[in-house]
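Protein chains in written order, with this note's numbering: chain A, 1307 to 1887; chain B, 1307 to 1887.
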């Protein structure tokens, strides 16, 4: 970390890790954003909090202060959250400077985005803040989240959790949606900033800060327009040398350019100019919020592929066809299989298998073969990555197939009861990491049931299958996480029943399949991306999300390739920056 | 209906509406497709059923027959389902002809798609069937569904329901996924045929049959390759004159063309040749299964727009920007608002509103204005359709915002108790259609709570809002359906609690918002398409599905426009064929 950046980390400390927070405009009135903002703050933050309101004496049980300067002198405040009309901001900002507050977030709207008068008001606020070395987010923003301080200084209680991503967004709705979608997919954010009109802190400043945070693995941005493109390139290219930076930038059409000008007041500029700037800064561009999060998750879970040669495994011919179309349309090379590889698949698949790439066993019910297939492809030097369909995602199956017949349900219920005896209750294990023999036993029993349903009665088959599934427990890197998740999933047998409310088998199998996936990725150091069937919403347990369409999966791969090529060109190593020193 | 088509309807009667069905290869063995196929048949079909198996005497409680010809002479069978190895099919087909069976579905694989020998086997089967005037689906297919007979002659129990769509698919996985996704979205199928290698009945035959079925409103097809393009055009152009025909046709890339040849054995042909054929046949082409179902639902719920001029309403600036980009990129004209229209919005929105299209109230908390906005745009002659974001889709909110604070939850619980007193229990109403005053009362109470949360305490406001919401009850066309759904949703208050398991408010509001949407569409006879926020999965109650991205919504509009232009060019009227006679 350079000296300059140490300064940035220090400078932003009161913002992202404040000891105390004041909310200007906190109120008991349900109808005001000051109410939901105050509630949002109370949801997790453990530092001191001060509501500031000059008409109410108490806000939801907390003593309110008329002015920031009324807060006792010996109680320093680091961060001020503004939820008052714009006109009132300069006077309160003066108070904040007097109080020695060093950070702010101005949620209030009505600054430069509204025209000339708003612009002078904004300049005034910036002038006062600068005088007191107070740095601030906004105005006209929705607030921010910082996992370091469990701080939701946001307009409403946002579903968000800690994790390896960081996002700065020039649109609060887009940002909030990306963060909530991450929450649903089981992936979190170290920080999320709705940056608003960037009167003080610029988008590139946040990116620089995230770049230096060792907890952040991937940086996401929603950018309508930049104030200083040259400064952006200069700062961000140092960051993209260390970790991926992905930007969603709208404005490909005139209609959107106009909408941007009335939304954030930004000059959207020519879309191609942004393409150039992003290229120079090493930023990858995407076009939708879904692509933004999809790609970020790809970077968190996958290694960079060595090239664009792809193999596809699909349990259905028609899905194989669509997947080949999606991959090839996006410039991936759907390779031709060699005669040796075809001969290897001839040994494990029925004669009707596809005899090519996509590899499709064509309705084979032998799931061991389907599990062996990835190894046969990943070991080939001519395969850079694998797209594996269907079997890694059990989520949603139970609710989807509610109509399944009663006899199967009865058998399931019986096995659930048997399994419950094998699964340790909460607190019954000394150390789930070493005391793990039962996991193998439970897996074996489940696989036996699974196989009996599909008529495979040869016990050596189910033994081999169980071994394959539990091999991930032994992974040094991912094993502990997988075991932890297995325990938690298995304990769902105590509450879960097959039918309306869910299916504990699904939870356990999902963990095992994700574990297997991790083992393949680790063993071959190649991306293995999975897709689910149409609209099977995927809630992964370990972050190995199955994309709902082959287009989404293929796009993620192209971005991994793009970043790999960028590092190569610049002679950089991912996560480290320059190759030599 | 022409005389020829009456013949087709008669000819296919034993297939789609059989009096009795025999399953060749039905078995007690869980590991065989013959087991799940037999189970699938039992799930709903009420005609006579016969398992045929030459080794088992009884299949799940039903007496099994060694051969079809062993079924008593005075018990005629209309349909035979084949789930046996391909080699055995010719002999059994001979038996079927002897028994006088007139329809078949050959699930078995191993025909033309496997090569030369398979092809002669297939020719043999066709020859025998023709001899007995037996028409059949397949081989190498997954079976079919016919709502007329509640018949699931499918490889496994498929989640499917009756409805206005019909699908023929040359891929069982794609077809099954589209049908199940429809089930999740609340839209059903009159028929679904997995047509396999089309040894006998061709894709165009199914389309012709669906075209003459008055219960079918939209026809969907997944086509890998056609056997006779000229015949397809000749038959299908008569159908597309009466109702929309949408086709998913992969094969834009060489990789997919190869995959098609190994999957269905079809000659995929040049993608552009298919473009030409579809154009001549009046078929709209799409590229993914999602687009196929999205577009079909658009045709079911929306009128055809008069042109490509679109207005957008978005509750968030950044979403407005992305929506404008999506629409304009697809050739929709995001119109400029006139000064008069801007003046009208100035009256209902705060000064910071976007002053343009997309119309964005910019964080306004007055939801009445948001509800008034559509009327201000739809009434304009320069607006052909409206894209309305966010407020029509409450689904998934409860589970998403589980973190919402306890005080709000407590207030909710109180209102739930109060409302429960107003809502009639099951069977308490003589006629829900006329005895509907309580619906207005319940809506009023709910709106009052909603408004108190947002600080709007003026009772005339909430009164106006409630009136707006309940106006849809008076719709002659959709009112009865909306009332019925309202009753069912309101009764969820008896079981529902706010929190983990769901939110009855959501169910009711969803119905009301869908009702409002229907009223707008009916009043102005223009499409009003809605979108939800990112990954908010939408389960609509009345079929007015909110698409999860603006791209999806925009694509549907372009297809509605495409079909309108096609009819115009051919001087046709939707649903009727030729304008004059």
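We put the beta carbon where it would ideally sit given N, CA and C, even for glycine.
If you're wondering where the values come from, they're calculated on a predicted model, not measured in any experiment.
Contact annotation: residue 1602/A and residue 1524/A have beta-carbon atoms nearer than 7 Å.
Per DSSP, the beta bridge partners of residue 1451/B are 1458/B and 1498/B. For residue 1695/A, the enclosing beta strand (DSSP E) covers residues 1691–1695.
Secondary structure at residue 1373/A: coil, using DSSP grouped into helix, strand and coil. Secondary structure within the region 1314–1399 of chain B: the alpha helix (DSSP H) runs of 4 or more consecutive residues, fully enclosed, are 1339–1348 (chain order). Close to residue 1556/B, with beta-carbon spacing below 7 Å, are these residues of chain A in chain order: 1627, 1628 and 1631. Look at the region 1377–1395 of chain B: it has no residue with a C-beta under 7 Å from a C-beta of chain A.
When the five nearest sequence neighbours on each side are left out, the beta carbons in the same chain lying within less than 6 Å of the beta carbon of residue 1318/B are those of 1515, in order along the chain. Under the 7 Å criterion on CB atoms, residue 1566/A is classed as interfacial with respect to chain B. Of all residues in the region 1357–1377 of chain B, none has a C-beta nearer than 7 Å to a C-beta of chain A.
Sequence-distant Cβ neighbours of residue 1349/A in its own chain, meaning closer than 7 Å and more than five residues away, are 1458 and 1463. For residue 1819/A, the enclosing alpha helix (DSSP H) covers residues 1810–1830.
Chain-order list of chain A residues neighbouring residue 1578/B: empty, with the shortest C-beta distance near 15 Å, by a criterion of under 8 Å. Contact check for residue 1840/B and residue 1483/A: beta-carbon distance about 4 Å, within the 8 Å limit, so the pair qualifies.
Bounds of the alpha helix (DSSP H) holding residue 1606/A are 1595–1607. Between the alpha carbons of residue 1597/B and residue 1862/B lies a distance of about 8 Å. About 10 Å separates the CB atoms of residue 1788/A and residue 1795/A; that is not less than 8 Å, and the two are not in contact. Of the other Cβ atoms in all chains shown, fewer than 16 fall within 10 Å of the Cβ of residue 1879/A; this residue is therefore exposed. Taking the C-beta atoms as reference points, residue 1507/A is found nearer than 7 Å to residue 1441/A. A direct Cα-Cα distance of roughly 12 Å separates residue 1812/B from residue 1820/B. When beta bridges are read from the DSSP output, residue 1525/B appears opposite 1472/B and 1551/B.
Contact of residue 1635/B with chain A is assigned, a C-beta pair being separated by under 7 Å. DSSP, reduced to helix, strand and coil, places residue 1440/B outside both helices and strands of the structure shown, so it counts as coil.
By the criterion of at least three beta-carbon pairs nearer than 8 Å, the region 1441–1456 of chain B is not in contact with the region 1584–1596 of chain B. Judged by their CB atoms, residue 1690/B and residue 1810/B are not nearer to each other than the 7 Å cut-off. In this structure, DSSP gives residue 1491/A a helical state, which the three-state scheme calls helix. Only exposed fits residue 1642/B, as fewer than 16 other CB atoms lie within 10 angstroms of its CB.
Here residue 1745/B carries a helix assignment [DSSP, helix/strand/coil]. Beta-bridge analysis with DSSP links residue 1665/A to 1619/A.
A distance below 7 Å separates the beta carbons of residue 1480/A and residue 1624/B. For residue 1503/A, the closest C-alpha among the options 1477/A, 1497/A, 1494/A and 1520/A is that of 1477/A. By DSSP's assignment, residue 1513/A forms no beta bridge with any residue. Note that the C-beta distance between residue 1378/B and residue 1370/B is not below 7 Å. Taking the CA atoms as reference points, residue 1882/A sits about 11 Å from residue 1544/A. Contact check for residue 1605/A and residue 1866/A: beta-carbon distance about 7 Å, within the 8 Å limit, so the pair qualifies. Counting every other CB atom within 10 Å of its CB across the protein chains shown gives residue 1335/A a total below 16, marking it as exposed.
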